[in-house]
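In what follows, a structure is listed as structure tokens, so that the remarks can point back to it.
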Amino acid sequence: QQPVQSPQAVILREGEDAVINCSSSKALYSVHWYRQKHGEAPIFLMILLKGGEQKGHDKISASFNEKKQQSSLYLTASQLSYSGTYFCGPKGDDKIIFGKGTRLHILP
Amino acid sequence: DAGVTQSPTHLIKTRGQHVTLRCSPISGHKSVSWYQQVLGQGPQFIFQYYEKEERGRGNFPDRFSARQFPNYSSELNVNALLLGDSALYLCASSFTSYNEQFFGPGTRLTVL
Chain C
756 QQPVQSPQAV ILREGEDAVI NCSSSKALYS VHWYRQKHGE APIFLMILLK GGEQKGHDKI
816 SASFNEKKQQ SSLYLTASQL SYSGTYFCGP KGDDKIIFGK GTRLHILP
Chain W
169 DAGVTQSPTH LIKTRGQHVT LRCSPISGHK SVSWYQQVLG QGPQFIFQYY EKEERGRGNF
229 PDRFSARQFP NYSSELNVNA LLLGDSALYL CASSFTSYNE QFFGPGTRLT VL
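Chains as they are written, first to last, in the numbering used here: chain C, 756 to 863; chain W, 169 to 280.
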């Protein structure tokens, strides 16, 4: 029931792009994305509500394919501040179930 | 505006003891969710409350209980603590049970 995130970890150089995928086995109402830095609480990035919806915030955007029960997070021209663990949280009819996370490390 | 606050920040207990964790949501938020996060894993859902009623429960034993008060603050109670209960306990608040959630700093529980 826990969503599957891929890749599990990725190392990038500053300015490179990354894609994080999230796949769920159950029907979804929405997908939440969060970033957590070591020793800190998760920070909300965005929520996608509709099938096929895409959203963007600064150089971070995401898509949600309701029919495929998949979501992807796109990080463009990554910055050092993007380092951290990214969690997707698909939401069915009740609770959010978070994946194990994707660890992203940005090198200068 | 103040964010989500949790108390205490850290807590050390021994096996078999009981613990109460507290959470104050962002002003205006009516929903509070509790999560357990162990190192290297994502937050695991424990409970969600909205308007003082339980709206969701995760796969945790009955030793875990929670409640939400009229001012929308919440408590998480864990009885008969086990070593495996050692974790970071996160509280998240949202306007409704369907909106984005904002996490508090967490309570680090260590069971010896």
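Idealized CB from N, CA, C, for every residue including glycine.
Report the residue from the options whose alpha carbon sits nearest the alpha carbon of residue i.
{"i": "W:Pro273", "options": "W:Val279, W:Ala248 and W:Cys259", "result": "W:Cys259"}
{"i": "W:Asn227", "options": "W:Glu219, W:Pro211 and W:Lys220", "result": "W:Pro211"}
{"i": "W:Arg225", "options": "C:Ser833, C:Leu862, C:Glu769 and C:Ile852", "result": "C:Ile852"}
{"i": "C:Leu859", "options": "C:Leu800, C:Ile802, C:Ala832 and C:Gln763", "result": "C:Gln763"}
{"i": "C:Ala832", "options": "C:Tyr841, C:Gln824 and C:Asp813", "result": "C:Asp813"}
{"i": "C:Leu830", "options": "C:Thr857, C:Ala796 and C:Gln824", "result": "C:Thr857"}
{"i": "C:Asp849", "options": "C:Val759, C:Val765 and C:Lys781", "result": "C:Lys781"}
Which class does residue i belong to by DSSP, given the choice of helix, strand or coil?
{"i": "W:Ser265", "result": "coil"}
{"i": "W:Tyr240", "result": "coil"}
{"i": "C:Tyr784", "result": "coil"}
{"i": "C:Gly839", "result": "strand"}
{"i": "W:Gly196", "result": "coil"}
{"i": "W:Cys272", "result": "Contrary to the premise, residue 272 of chain W reads as Gly rather than Cys in this sequence. Correct three-state label for W:Gly272: coil."}
{"i": "W:Gly252", "result": "helix"}
Below 8 Å on the Cβ atoms is my guess for residue i versus residue j; work out the distance and round it to an integer in Å.
{"i": "W:Gly196", "j": "W:Phe263", "result": "7 Å"}
{"i": "W:Val281", "j": "W:Arg235", "result": "The structure shown does not extend to residue 281 of chain W, since chain W spans only 169 to 280, so no value can be given for it."}
{"i": "W:Gln216", "j": "W:Ala255", "result": "At roughly 18 Å, the Cβ-Cβ gap does not stay under 8 Å, so W:Gln216 and W:Ala255 are not in contact."}
Q) Between the segment 246-267 of chain W and chain C, which residues of the former have CB atoms less than 7 Å from a CB of the latter, in chain order? A) Leu258
Q. Any chance the segment 816-832 of chain C sits against the segment 780-793 of chain C, with 3 or more Cβ pairs inside 8 Å?
A. yes
**Q.** Interfacial residues, the segment 172-204 of chain W to chain C, with Cβ spacing under 7 Å
**A.** none
Q: Examine the Cβ distances between the segment 819-838 of chain C and the segment 762-776 of chain C and report whether three or more of them are shorter than 8 Å.
A: yes
Q: Could you say if the segment 772-782 of chain C and the segment 171-190 of chain W meet the contact criterion of at least three C-beta pairs nearer than 8 Å?
A: Of all C-beta pairs linking the segment 772-782 of chain C to the segment 171-190 of chain W, fewer than three are shorter than 8 Å, placing the two stretches out of contact.
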